[in-house]
Amino acid sequence: MPPADAPLLLEVKGLKVGYPVQRRMVTPIDGLDLTIREREVVGLLGDAGSGKSTAALAMLGLVRPPGRILAGEVRFLGQDLLKLSPEGLRALRGKDLALIVQNPRGALHPMLPVGRQISNAYRAHGAASSKEGWQRAIDLLRNVGINDPERRVHSYAHELSGGMAQRALISMALSSTPRLLIADEPTSGLDVTIQAQFLDEMAATVRGTGSAILLVTQDLGIIANYCDRVVVLHEGRIVESAATREFFIKPQHAYSRQVLSLVRAPATPAKFAADIAPLIEVRDLVKHFSIKGRDKKVQAVDGVSFAIRPGESLGLVGESGSGKTTVGRCLLRLVEPTSGDIRYRGQSIASIKPAELRRFRSKLQIVFQDPYDALNPRYTMEDVIREPLDLHTDLDAIGKRRRIGELLDLVGLDPKRMGEKPRGLGAGALQRLNIARALATGPEFIVLDEPTSVLSPLARVGFIELLARLKKDLGLAYLFISHDLTTVQHVCDRVAVMYLGQIVEVGTTEQVFKRPAHPYAQALLGAHLTADPMHRRVDRPPVNALAGEIPSPIDLPPGCYLASRCRHVTEACRVTPQTLAMHAEGRPVRCMRVLAGEVPIGGSP
Amino acid sequence: MSESLAVADHIEPAGADWLFRIGGAIVALVLFLAAFGPTLAPYNPTLTTPEVSSPPPALADLPRLILTAIVSKNTAPVHWFGTDASGLDIFSRVISAPRIDLTIALVANGLSLLLGISIGLLCGYFRNLGTEIIMRVSDVLQSFPVFISAMILVALGGRSIGNIVIALAALYTPIYIRLTRAEVMGQKVRGYVEAARAIGNGEAMIAIKHVLPNSLTPALIQSSVTVGFAILLTAGLSFVGAGVQPPTPEWGLMISTGANQIVLGEWWPSVFPGIAISITVFGFAVLGNALERRYAAG
Amino acid sequence: MLLRTILRRLAVGVVQLLGLTVAVFFLIRLMPADPVSRFVGINPSKAAYAQAAKAIGVDRPISTQLLHYLGLAPSQGKGLLQGNLGTSWVSNAPVLKDIATALPVTLELITMAFIIALIIAVPIGMLAALRPGGKTDKAVFVYGLFAGSQPEFWWALLFVFVFYFKLGIAPPPLGLINPMNSPPPPRTGFYTIDSLLAGDLTTFFDLLHHLMLPVATLVFILSGPIIKMVRQNMEQALTADFVLYARAAGMPGSTVARYALRAAMAPSMTLIGILYGFMLGGAVLVESVFSLPGIGQYAVRSILAFDYPAIQGVVLVITAISLVVYLLLDLLHAIIDPRLAQE
Amino acid sequence: EDVPAGLNYDGPAAAIPTSQTGMVNVMEPLVYYATKEVNSEGVSIPDFGKFEGRLAESWTFDKATLTWTFKLRAGVKGCGGATLTADDVLYTFARAKSVSGAAPIGWFLSNVGSIANFTPAVFGDKEENKKAKVLGDEVTKVDDLTVKIRQAEPNALFLPVLTIFGLMIFDKETMEKHATKEDPWSHNFVNNEGMGSFGAYCIERWTKDNEFALTANPDYYRGKPAIDRVVMKKVPQSSNRVVVLQSGQAQLAQSLTPKEYDSLRKAPGVKVGGHSGNQNLFVHMNFKSKPFDNIKVRQAIAYAIPYDAIIANGYFGQASAWAGVVPSTYPGYSAAAEPYKTDIAKAKALLAEAGFPDGKGLEAFADSFALSYVAEKETTVGPIVNAIQSSLREAGFPVTLNPMPQTQYGDRQLVKKDLPFAINEQEKPIGVDAGYATQLFFVSGDKGGLNNMINYSNPMVDDTWAKARVEPDNAKRDAMLASIQKQLMSDVAWLPVVEYKTQFAWSDKISGIGWHPDNSIRFFDLKGK
Ligand SMILES: Nc1ncnc2c1ncn2[C@@H]1O[C@H](COP(=O)(O)OP(=O)(O)OP(=O)(O)O)[C@@H](O)[C@H]1O
Ligand SMILES: Nc1ncnc2c1ncn2[C@@H]1O[C@H](COP(=O)(O)OP(=O)(O)OP(=O)(O)O)[C@@H](O)[C@H]1O
Ligand SMILES: [Mg+2]
Ligand SMILES: [Mg+2]
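Structure below.
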């Protein structure tokens, strides 16, 4: 952390940015003041849509068209960017002031090789030949940890994974050693493992060059682990600015307090008697997708078994593409499993006939990731809830109406608004509506497929509380799919970790979070950014990190699926298929070395 | 993703869109004429008057003529747009034409919309060999040169309004199939479809109740543009002699009949109907565009 | 990969064309028109009628005719598969030869119109996109909508009335050259090229003079959709993240413009291809007003005369050219936009 | 369009005016009409009563054997360099009888002229048909310059048919040079390249359906033509033809609309003239279509036609009322005593008598009242049909207009003969004789009424014509023809409307325009100034 009297780098005063909408100006940024000192890492926290990106761009004197900067000044190294000539501004941008954005693939030109784009950025600030630029691009890509940069410079944006694209962007941003790097949610949309890798690399690189960072984010974990200071953006202005630790200990603004509430009150998991008959039992579930035009198959789910007791919530975590959603959809037979047995209260779901299956679905429900997408845009709230009632109950019109009112009330929506369409509602409200629909037929079990991932931090807090309440009041059981580990920690009684279609470890939430056994679980949880500013990740060397990216589920390795990325790999691992077996601690783990006690359990904080 | 949907809420409402209003006004006027044009026409649009090839009144005379027309009921009505070589009153024909042009355009469009949407839904929602074949056939149909195909159908099938309607419908159906199918394919992987399935709807039910209403927009937007182009095509067919029968009051036919007199300096028989087409089709294009911008976001 | 795509598209195209041929073949024969009457000439007797029906071969069963046309009945001579499109019943010349003389006229006309329309419309569209919602943008937008929805034949007539009849600047609407002059010696079939090859500048300028109004009409009509499309694509490109980012990275204005242009042009290719294909048959009305002996006119005359082989030939050739143009532009698109090459 | 250019002697295009223009300028007949006069508009008119020798220097007719003997002109040279002999004439008739072309025009004319053995037996593929196609002793060569032609019966049409393009003489030598085994009669040559003939002009260039250029035949037996080179070009759309003529790009234009001729009359440097020779307009009502079988209905229509408006607005005065069913210039024409006049009241009265007061009951015959006309002639006929429609509606007829393509019109009119109601302005009998017209149009179908498109059948007409056809005495023949025409008029077989002038427009730099029954200009007659 830089000294408090370090020279000022950036000073924003009374910034006001507007977008013309219907001949009116909406001003998401209205009177923003902000300072950043040299070498400082400042976190800009704010809810979705609060204007974080707008503010970040404005600090380079840019606005997304058709917006305009209406007032204020942005002093960078003493000169007001907004008064600078276009050429003067251009000379600063990309040289002293660099930017990384939320959607890295969108920021890369889709029709130019990344190498050419990096080279262009480099050559924009100094006379270099095209050949030098190209060479430099290769070096830069190597520096940000991209394997085989000679080949990668020829790739196009769509050929890169999100993580790689983000790295390419940062290599561009760092091509000229900027004084200030503005990173606008650089990791949203990336897996936790990749996110941690990326942030670590970014922090390390910037430390080496002595730049300051403005890190825009909605994620408290990121703030806690990487930032020196936090500024909170709310309703167009900075409402709070504090050193990170103070912020977590004593938030000032109401918004800050609300977002922090989740971190401050960990949930207490329920206890279950071991002999209760399971509500749902899955055995050796396999799902293969065939690929059009090729004879290979995607092995999305590869022998998954688990059980959920009534009233219990099981978390299913794992990197993107590990097959979590597919498991959830198989449970409701929204996709037909390739093989395996799924039992609901002992009755096999796999064998029910279609007509009966439809009725059966009133018992099992699902809530999807994107609440907006999951609602027919033409239906009002009332229509949405009425549909399952029409299908599964004999209520008369009045009865239905009453029930709709009750359900809305139950999920914390105002029944008076039942005539509204989804368009006008926020994501949090929509997700509540989705829950209400799922509850309409009185199910005992709900699959929640990343229900919080698109919610803003504030909405997320409320939604998690709702889930907990419903579970308690209605005795619901959940299969809670997520890669947001903080949320899982709060909602779930037990957690299953998935990797490439297989469950690698199952245990109580406490077990898995405190003492992850499987190397993959260790890495995953090691990458989890706990919102705890006392144990900052930047202050200690990361352990258990995974190398590389998740292999394709089409060409799976013959032995352990993790072999290519695991720190503990042996020759035997590469050839021996792994099985899920009971570990000495009383939970199943899929790793022969862990089972043999060769790899220590835990290893993460 | 969903929070930024707030942007979609800023789409301008119809009333505020000046283009929408212009387009709407033009289309409303044309619809009005389609309903009442022949009734309002001072002369029977298909019967000759004794005056042949008489030019429209000079601009300077207009005020006086308008006054006379209002004051005295007994004098013969003025030929506001002049008469053509047969002595037909051009004004009466121009305002009677929407009934023909619009009927052709609307019926053809309605037919193809109905067919196109049904087939599109079928082919988009249920993908199998049968529907694939339907798509290939529709591909072939769509690669036909439009105007020439229409000519073949009308010239060889006989010049009648019915045949024009069939020709246009045949040409436009594949467009709607394609649009609807693409939209259905996009919609059927949307979450709400899965959700509808999850709460126990049957496939046919989902297709009709959920997917169909949400897949109509592209076809409906297109249809406004298509109605305009159907009018153009009808007129074009008449122009080359493969359209409606004379002396049907139809704009293209009037232009075509008048075209011969242009080198003799008689511009009015073809200029007035031309202006009418020009404005009408523009109106539909504008309306279509406004609708597109209104609904493109959702 | 690319080659495979091309081959697959070509194969599909050939199948489509065959399907089309068969469809058109039956379609026109199912129509209630009677081509023989056109063929008999004056004072036909029943016998003479039968004679004529035999001469053009429509007395045979349809399936036999189809096999003959396709060239699957070797005893009957060459057919489609051997590259013979039959003989026109009206001109008595091979349809392929007729089309070979008519097609260059249309291609010349629409190519010239396309080039000019692009030269005019692309900068205008871009200019409009630079200031979305500005006065220029609104004007250009309305113009684009207007020009794209006009009866071209009527505008052609108006042009003739104004520029020929009233002002006398343009030549009379009588084809490509002064009707009493002879065309340049045919080498390529394209009059402009042939006249230049022959070093005949008088004819060349006469040609340009005659092409003035028809090309202007088409440019007017074409500029509508092109402007609309360029404007829209450019506006989209300019608000794209990568353009914003290029600016944030401090790239010079010229580079930023190149980024936007490249992104805007790629999707425009497809539409230009579709427009070009459409114009092949769609130029017929303009050809008709200016008496240009192009493929459209040939189609009209064949259709009105029930000249079946000619009708089939025209449909086949126009569709084939359209398919090739689509393919070429898709390829170009794929070269510019690597995302497509992947699919 | 209505004016494709071509020379396809054997093809369908032979029916097209410009093809005929090509043929009559490059080919030469055996005999032709003498010139009668030059009319006030500067157009020369043939004398239908007087024949003069062309390729034939003189001829005689033997009544007993019905044999004509033609003495051919010596030293006549064709474009190919060949000299005319009797073999050329034999070749011409043999070719006609072979009916090998697509349109058997030569055979048809010979048949109409009653040349022996030119019977319908030529059609068909049976052995006897094949024999019938070979030229026999009906046309024989006496010596190199003498030919005999025998008729099967006396028929006054013999000389008239010889003047028609379909029996003009080929140059056998040139023709046979282009013959092949599959195509012994050189149809390919004639249809696509040129012509072996002895006419005033030779083909220089010919782009089918577009234009042809002719150069004067220096060896032409009547002397080298005054104009060395003639280019005839198809200019679609009559208004464009006006333009080329006015701009001086062309010196002669034809097939303009009456309105255009009228406007050109005032134009500087342009002359317009013509002759009311054989073109006319009539209403066609099919006897097989109800209610046209009702004579009262036919008469009612006759009284409802706006004759004067048609002459004024349709023809700009260049037409006159027609009181017969045969061109009034033709030998044997007889005018009706009481031609029809516009009289709506009378029309209504007749309609009521027919059982349709105020047109009530006619709705049932909507199809019959679709007034057909040739769509391609819209510009010319449009104003006329519109006037007729309006006037007939006033009288109570539910008339609608029904333009149809030339082809379809021709098919329904002449082949299917099922056109109920039509306006016809294209039936000019090319054979210059009232009897020819009767034979063609009014004799019952089964008695040889080839173009009896209204399905008219009256035993009186059939019988009288059968007698008149072979009547050698001209006076008697004329009397019989007159009685036929009287009958036709009272039956309203055709409803004659007007005879209109065949017009041409030409630059004042040329003169010598002549009218001929085929309405084709003979370029040989033209003189430059
Ligand atoms: N082009 C635009 N036109 C109109 N309004 C816009 C536009 N872009 C953004 N806005 C509005 O400005 C506000 C701020 O947007 P901005 O993208 O800066 O927020 P954010 O905090 O970065 O959101 P997110 O968490 O989604 O990244 C939002 O309410 C948004 O609706
Ligand atoms: N319908 C399908 N057809 C083909 N492959 C599929 C299909 N659905 C899923 N897959 C593949 O199966 C694998 C598992 O997908 P799934 O969506 O279940 O993963 P996930 O763990 O839910 O990922 P995320 O965290 O991104 O939601 C992925 O590789 C995916 O590409
Ligand atoms: Mg943002
Ligand atoms: Mg998922």
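Residue numbers (this note's numbering), protein chains in the order written: chain S, 19 to 623; chain U, 11 to 308; chain F, 9 to 351; chain G, 576 to 1104.
Using N, Cα and C, we set each Cβ at its ideal position, and we do this for glycine too.
Note that this is a predicted model, so its numbers are computed, not measured.
Task: Contact test: Ser338 of chain S Cβ vs ligand 4 heavy atom, cutoff 8 Å - done: yes
Task: Test item: CB-CB of Leu856 of chain G and Ile876 of chain G under 9 Å - done: no
TODO: Give the interface partners of Ile114 of chain U over in chain G, defined as CB-CB distance under 7 Å, in chain order.
DONE: None at all; the shortest Cβ gap to chain G is about 17 Å.
Task: Identified DSSP bridge partners for Pro1071 of chain G - done: G:Phe857
- [ ] Taking C-beta pairs closer than 9 Å, name the residues in chain S that Thr247 of chain F reaches, listed in chain order.
- [x] Arg82, Pro83 and Pro84
Task: Reduced DSSP secondary structure (H/G/I, E/B, other) of His76 of chain F - done: helix
- [ ] Examine ligand 1 and report whether any of its heavy atoms sits within less than 8 Å of the Cβ of Ala66 of chain S.
- [x] yes
Task: Contact test: Gly85 of chain S Cβ vs ligand 1 heavy atom, cutoff 8 Å - done: yes
TODO: Take the Cβ of His859 of chain G as the centre, count every other Cβ of all protein chains shown within 10 Å, and call the residue buried at 16 or more, exposed below.
DONE: buried
- [ ] Can you grab the Cα-Cα spacing for the pair Pro679 of chain G / Ser685 of chain G, in whole Å?
- [x] 10 Å
Task: Nearest neighbour of Ile326 of chain S, chosen from S:Leu297, S:Ala614 and S:Asp502 [CA to CA] - done: S:Leu297
Task: Per-residue burial, Met552 of chain S [other beta carbons within 10 Å of its own, 16 or more giving buried] - done: exposed
Task: Helix, strand or coil at Phe787 of chain G according to DSSP, with G and I counted as helix - done: strand
TODO: Compute the distance between the beta-carbons of Leu252 of chain F and Ala125 of chain S, then report whether it is under 9 Å.
DONE: yes
Open item on the list: Relative to the C-alpha of Leu497 of chain S, which candidate in S:Pro395, S:Thr343 and S:Leu217 has its C-alpha closest?
Closed with: S:Thr343
Task: Proximity of Glu1000 of chain G and Lys1061 of chain G at Cβ, strictly below 9 Å - done: no
Task: Local conformation of Gln596 of chain S per DSSP, three classes - done: coil
TODO: Just the C-alpha distance for Arg1097 of chain G and Thr596 of chain G, rounded to the nearest angstrom, thanks.
DONE: 8 Å
TODO: With a 10 Å radius around its C-beta and 16 neighbouring C-beta atoms as the bar for buried, classify Trp28 of chain U as buried or exposed.
DONE: exposed
Task: Where Asp345 of chain F meets chain S, residues with beta-carbon distance less than 8 Å - done: Pro128 and Met129
Task: beta strand (DSSP E) runs wholly inside the segment 917-964 of chain G, at least 3 long, in chain order - done: 945-949
Task: Contact test: Gln320 of chain F Cβ vs ligand 1 heavy atom, cutoff 8 Å - done: no
Open item on the list: For Ala495 of chain S and Ile384 of chain S, what's the separation of their Cα atoms in angstroms?
Closed with: 12 Å
Open item on the list: Does the contact criterion of 3 or more C-beta pairs under 8 Å hold for the segment 291-298 of chain U versus the segment 250-257 of chain U?
Closed with: no
TODO: Return the first residue and the last residue of the alpha helix (DSSP H) that Val610 of chain S is part of.
DONE: According to the sequence provided, residue 610 of chain S is Met. The question's Val does not apply to it. Element bounds for Met610 of chain S: Met610 to Leu613.
Open item on the list: Are there any heavy atoms of ligand 3 lying less than 8 Å away from the beta-carbon of Asp202 of chain S, as far as the coordinates show?
Closed with: yes
Open item on the list: Can you confirm whether Glu1000 of chain G, when its beta carbon is compared against all beta carbons of chain U, has any partner nearer than 9 Å?
Closed with: no
Task: Against chain U: residues of the segment 377-396 of chain S by CB proximity under 9 Å - done: Arg377, Phe378, Arg379, Ser380, Leu382, Gln383, Ile384, Val385, Phe386, Gln387, Asp388, Pro389, Tyr390, Asp391, Ala392, Leu393, Asn394, Pro395 and Arg396
Task: Bridge partners - Thr610 of chain G, DSSP secondary structure assignment - done: G:Pro621
Task: Meets three-Cβ-pair contact criterion under 8 Å: the segment 358-374 of chain S and the segment 537-554 of chain S - done: no
Open item on the list: Can you check whether the C-beta of Tyr305 of chain U is within less than 9 Å of a C-beta belonging to chain G?
Closed with: no
Task: Contact list for the segment 216-240 of chain U against chain S, Cβ threshold 7 Å - done: His220, Pro223 and Asn224
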